[in-house]
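S.K.: Under my numbering, residues 53 to 573 are what the sequence shown spells out, in order.
Heads up, the beta-carbon is just placed ideally off N, CA and C, and yes, glycines get one too.
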Amino acid sequence: MSVVELKVPTIGESIAEVTLSKWLIPNGEFVNIDDPICEFESDKATLEFPAEVSGKLIWVAAEGDDLEIGALVAKIDTSITAGSNSAPSSPTPKEEKAAPVVAAVSNGSGKVVEMNVPTIGESVTEVTLSKWLVGNGEQVNLDTPICEFESDKATLEFPAEATGKLIHVAAEGDDLEIGALVAKIDTSVTASNGAAKAVPATAEAVAQNTTASTSTSGHPSPAAAKILREGNVPASAVTGTGKGGRITKADAQTAVANKGATPAPVATKSAAPAVSTPTTTMPSPTAFSRNERREKMSRMRRTISKRLLSATQNTAMLTTFNEVDLSNVIALRKKYQESFVEKYGVKLGFMSLFAKACAKALMEMPNVNSFIDGDHLIYHDYVDISFAISTDTGLVVPPIKNIESLKFHEIELKLKELASKARSGKLTLEEMQGGTFAITNGGVFGSMMSTPILNEPQSAILGMHNIIQRPVAVNGEVVIRPMMYLALSYDHRVIDGKSSVTFLVKVKNYLEDPTTLLLDL
Numbered sequence: 053m054s055v056v057e058l059k060v061p062t063i064g065e066s067i068a069e070v071t072l073s074k075w076l077i078p079n080g081e082f083v084n085i086d087d088p089i090c091e092f093e094s095d096k097a098t099l100e101f102p103a104e105v106s107g108k109l110i111w112v113a114a115e116g117d118d119l120e121i122g123a124l125v126a127k128i129d130t131s132i133t134a135g136s137n138s139a140p141s142s143p144t145p146k147e148e149k150a151a152p153v154v155a156a157v158s159n160g161s162g163k164v165v166e167m168n169v170p171t172i173g174e175s176v177t178e179v180t181l182s183k184w185l186v187g188n189g190e191q192v193n194l195d196t197p198i199c200e201f202e203s204d205k206a207t208l209e210f211p212a213e214a215t216g217k218l219i220h221v222a223a224e225g226d227d228l229e230i231g232a233l234v235a236k237i238d239t240s241v242t243a244s245n246g247a248a249k250a251v252p253a254t255a256e257a258v259a260q261n262t263t264a265s266t267s268t269s270g271h272p273s274p275a276a277a278k279i280l281r282e283g284n285v286p287a288s289a290v291t292g293t294g295k296g297g298r299i300t301k302a303d304a305q306t307a308v309a310n311k312g313a314t315p316a317p318v319a320t321k322s323a324a325p326a327v328s329t330p331t332t333t334m335p336s337p338t339a340f341s342r343n344e345r346r347e348k349m350s351r352m353r354r355t356i357s358k359r360l361l362s363a364t365q366n367t368a369m370l371t372t373f374n375e376v377d378l379s380n381v382i383a384l385r386k387k388y389q390e391s392f393v394e395k396y397g398v399k400l401g402f403m404s405l406f407a408k409a410c411a412k413a414l415m416e417m418p419n420v421n422s423f424i425d426g427d428h429l430i431y432h433d434y435v436d437i438s439f440a441i442s443t444d445t446g447l448v449v450p451p452i453k454n455i456e457s458l459k460f461h462e463i464e465l466k467l468k469e470l471a472s473k474a475r476s477g478k479l480t481l482e483e484m485q486g487g488t489f490a491i492t493n494g495g496v497f498g499s500m501m502s503t504p505i506l507n508e509p510q511s512a513i514l515g516m517h518n519i520i521q522r523p524v525a526v527n528g529e530v531v532i533r534p535m536m537y538l539a540l541s542y543d544h545r546v547i548d549g550k551s552s553v554t555f556l557v558k559v560k561n562y563l564e565d566p567t568t569l570l571l572d573l
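Printed below as a string of structure tokens:
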């Protein structure tokens, strides 16, 4: 007998322990490689744990157990095949306390699987059903996304837990608590006959029938689907090597790795857009109209409202201003832009220069890079800058870590990646968290002056604005220069007026003489 041990993987640098929140595969059942077997809940997010091999699953830990990184979770007996008649081992007392993943009730000819809102993260207690992706009464396959949940931090797809006819329970716009009923799936209805179908009585026969009736050919596992989605590779372009033609994690990784060698498909006018962006259709105005519309705020907008209100009520926020002459920055970009793009494949933007200037000033003035925690101040020997990114659903501020150690092209590439993910709704919870300082650029929308609001618990935020050709006095002469107003909003409880002004002057000086940034002077 060959037994493979499955242990808690390394999830993140700051995560030392997880909780086994839910088993997805019952004890003693056969599992395929890459199939999610359980869910881990960390202090930041809920993660699926896939099987590393195929065989019979043997539980070791139980639901609710707190497990350290590297702890034994389960074992897989690879000598047992899908067609084996070996009976599953009797559950231990520890295993008996674990609850089944989905609730199933008999409907006379099969079973109805109830789908509830899953645990998304420790701080998330409620979500909004923002959009149904599969119509009520339509056939749905296992792992196919059926709807989208909008939480405080991101939009998440909710996959089907079985194959059958989807029955909507909740409606679009409903606020649902964790564990609330979302939908039901009648597994007795198949895509081929559209009618009820008797299900064998034994548990083994049920498993075999579900496997036989499920269309897995060309369908990616959750782990594989995530890799393909992030690599912009369509599932239709990948040949699955898993059971029944299912696309495994290894298949997805190979497809993404080979993407550069394969010509990209030519988009046609009839092709559907890759990302569905929520839009609001505004009615055509009529003369002397007195019509009004009442629309519920999105969950993200409600969260933004609460946090902005909290920042204004719970901090001693003040703003100081200065102006910067960007002549040398513009000249630098103009001189080296072509070489920069040729070498790194991305343009040298203003944001990386501003970020490096802020990072250098923050390392020299750690109080501006700190924040309050109760009666203590938390100082950082690193700079993680959160960048405000405007999306159709609201403003998000994902951070780029260790700006002080990154090169200009690394900042530009990471910022481009975060902006793309934010606008397509693909930012993860982990990518949304953290940050020791923030930058917002209202200048891209034409703003000349503003007072940005703090991003709690951070103590300062820099506001960039429009670059305007203005007459200024230089060495006793009036000249035209590209000028920008800078605004630094800060928490006066942490940062004194002298420190805020000094910090802003440092940033101004670095930008007016960018050579000091390049030479680290």
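For residue 164, report the span of its beta strand (DSSP E) as first-last.
M.R.: Residue 164 -> beta strand (DSSP E) spans 163-168.
S.K.: Applying the 10 Å Cβ sphere with the 16-neighbour rule, what's the burial state of residue 391?
M.R.: Under this definition residue 391 is an exposed residue.
S.K.: Please work out which residues of its chain come closer than 6 Å, Cβ to Cβ, to residue 107, disregarding the five sequence neighbours upstream and downstream, and give them in chain order.
M.R.: The answer, listed in chain order, is 128, 129, 130, 132.
S.K.: Sorted by chain position, which residues of the same chain lie with C-beta nearer than 6 Å to residue 524's C-beta, five sequence neighbours on each side aside?
M.R.: Closer than 6 Å at the Cβ level, and outside the excluded window around residue 524, lie 533.
S.K.: How do the stretch 539-557 and the stretch 408-428 stand: do at least 3 beta-carbon pairs fall below 8 Å, yes or no?
M.R.: Flag = yes, the stretch 539-557 and the stretch 408-428 touch.
S.K.: Have a look at residue 536 and residue 59 and give me their C-alpha separation to the nearest angstrom.
M.R.: Cα-Cα distance, rounded: 54 Å.
S.K.: Would the beta-carbon of residue 77 fall within 8 Å of that of residue 104?
M.R.: No, Cβ-Cβ distance for residue 77 and residue 104 is not below 8 Å.
S.K.: How far does the alpha helix (DSSP H) with residue 549 in it extend, from its first residue to its last?
M.R.: Per DSSP, residue 549 belongs to the alpha helix (DSSP H) from 549-564.
S.K.: In the structure shown, what three-state DSSP assignment does residue 396 receive?
M.R.: Helix at residue 396.
S.K.: Please list, in chain order, all residues of the same chain as residue 293 whose beta carbon is under 7 Å from its beta carbon, the five residues on each side excluded.
M.R.: Closer than 7 Å at the Cβ level, and outside the excluded window around residue 293, lie 300, 303.
S.K.: What's the gap between the Cα of residue 223 and the Cα of residue 572?
M.R.: Near 56 Å, if we compare the C-alpha coordinates of residue 572 and residue 223.
S.K.: Are the stretch 380-397 and the stretch 480-499 in contact at 8 Å, needing three or more beta carbon pairs?
M.R.: Too few Cβ pairs lie closer than 8 Å, so no.
S.K.: If we ignore side chains and look at the alpha-carbon of each, how far apart do residue 286 and residue 119 end up?
M.R.: The straight-line gap from Cα to Cα measures roughly 36 Å.
S.K.: Return the residue from the list 101, 121, 472 that minimises the CA-CA distance to residue 68.
M.R.: Taking only the C-alpha atoms, the option nearest residue 68 is 121.
S.K.: Can you grab the Cα-Cα spacing for the pair residue 516 / residue 350, in whole Å?
M.R.: Looking at the two C-alpha atoms, the distance is approximately 27 Å.
S.K.: Using beta-carbon positions only, say whether residue 180 and residue 201 come within less than 8 Å of one another.
M.R.: Against a cut-off of 8 Å, the Cβ pair of residue 201 and residue 180 comes out as a contact.
S.K.: Classify residue 331: buried if its beta carbon has 16 or more other beta carbons within 10 angstroms, exposed otherwise.
M.R.: With a pLDDT of 45 at residue 331, under the threshold of 50, the predicted position of this residue should be treated as unreliable, though the coordinate-derived value follows. Classification for residue 331: exposed.
S.K.: Measuring CB to CB, does residue 163 end up less than 8 Å from residue 239?
M.R.: A contact, by the Cβ cut-off of 8 Å.
S.K.: Return the chain-ordered ranges of every beta strand (DSSP E) run that is complete within the stretch 462-519 and spans a minimum of 3 residues.
M.R.: As far as the stretch 462-519 is concerned, its whole beta strand (DSSP E) runs of at least 3 residues are 489-493, 512-516.
S.K.: Using the three-state DSSP reduction, which class does residue 59 fall into: helix, strand or coil?
M.R.: Of the three classes helix, strand and coil, the one that applies to residue 59 here is strand, per DSSP.
S.K.: Please state whether the Cβ-Cβ distance between residue 521 and residue 490 is less than 8 Å.
M.R.: Not closer than 8 Å, so no.
S.K.: Going by DSSP in three states, residue 303 sits in which element: helix, strand or coil?
M.R.: If DSSP states are grouped into helix, strand and coil, residue 303 belongs with the helices.
S.K.: Using a threshold of 8 Å, state whether the C-beta atoms of residue 398 and residue 465 are closer than that.
M.R.: Result yes, Cβ atoms of residue 398 and residue 465 sit closer than 8 Å.
S.K.: DSSP state of residue 343, grouped into three classes?
M.R.: Residue state, collapsed to three classes: coil.
S.K.: Under 6 Å Cβ to Cβ from residue 418, same chain only, skipping five residues before and after it: list those, please.
M.R.: Within the same chain, residue 418 has close Cβ partners 431.
S.K.: Can the beta-carbon of residue 198 be found closer than 8 Å to that of residue 218?
M.R.: For residue 198 and residue 218, yes; Cβs fall inside 8 Å.
S.K.: Taking DSSP as the reference, what is the three-state secondary structure of residue 522?
M.R.: Looking at residue 522 - three-state DSSP - the assignment turns out to be strand.
S.K.: In this structure, does DSSP put residue 545 in helix, strand or coil?
M.R.: Reduced to three states, the DSSP call for residue 545 is coil.
S.K.: Residue 182 lies in the beta strand (DSSP E); which residues open and close that run?
M.R.: 178-184 is the extent of the beta strand (DSSP E) around residue 182.
S.K.: Contact defined as beta carbons within less than 8 Å: I believe residue 216 pairs with residue 241. What is the distance between those atoms, to the nearest angstrom?
M.R.: That belief holds up - the Cβ atoms of residue 216 and residue 241 are roughly 5 Å apart, short of 8 Å.
S.K.: Could you check if residue 338 is buried or exposed, using at least 16 other CB atoms within 10 Å of its CB as the buried criterion?
M.R.: Looking at its Cβ environment, which holds fewer than 16 other Cβ atoms inside 10 Å, residue 338 is exposed.
S.K.: Measuring CB to CB, does residue 194 end up less than 8 Å from residue 212?
M.R.: A contact, by the Cβ cut-off of 8 Å.
S.K.: Looking at the secondary structure, which residues open and close the beta strand (DSSP E) in which residue 208 lies?
M.R.: Start and end: 207-211.
S.K.: Do residue 540 and residue 371 have their C-beta atoms within less than 8 Å of each other?
M.R.: Yes, the Cβ-Cβ distance between residue 540 and residue 371 is below 8 Å.
S.K.: Based on the DSSP secondary-structure assignment, which residues constitute the bridge partners of residue 373?
M.R.: Beta-bridge pairing links residue 373 to 539.
S.K.: DSSP puts residue 424 in a beta bridge; with which residues?
M.R.: BP columns for residue 424 point to 429.
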